[in-house]
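See structure below.
Numbering (this note's numbering), first residue to last: 516 to 619.
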């Protein structure tokens, strides 16, 4: 999970993930179009995302297509975010039920 946090810490890598979310299966050239950096720099960022299992690669002929893998992000949500939110949601549900009872 450390690799996922490391990968997500960089704004350029988050932008690449956003681009893959918007359109799956992009080539390196397509991902580079809206970034002000060299292909080599983008390749390094993609390598870090691959190592963190945030990007899946599919080869189609000579092309490499890059797809977002949302599973590691979901795992972070489950482990680090949702467990803190469940208490708040439970409290809101109890409050809703209490208010509905008082209206009756």
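From the three backbone atoms N, C-alpha and C, an ideal C-beta is built for every residue, glycine too.
Residues near residue i in its chain [Cβ-Cβ closer than 8 Å; skip 5 each side]
| i | result |
| --- | --- |
| residue 572 | 565, 579, 580, 581 and 582 |
| residue 546 | 531, 534, 535, 557, 561 and 581 |
Euclidean distance between Cα positions of residue i and residue j
| i | j | result |
| --- | --- | --- |
| residue 604 | residue 549 | 39 Å |
| residue 516 | residue 597 | 16 Å |
| residue 589 | residue 606 | 24 Å |
| residue 535 | residue 611 | 39 Å |
| residue 576 | residue 542 | 12 Å |
Minimum C-alpha distance to residue i - residue among the options
| i | options | result |
| --- | --- | --- |
| residue 525 | 560, 517, 577 and 544 | 560 |
| residue 552 | 587, 617, 535 and 527 | 527 |
| residue 519 | 546, 567, 540 and 538 | 567 |
| residue 539 | 521, 529, 554 and 584 | 584 |
Sequence-distant residues of the same chain with beta carbon closer than 7 Å to residue i, five excluded per side
| i | result |
| --- | --- |
| residue 600 | none |
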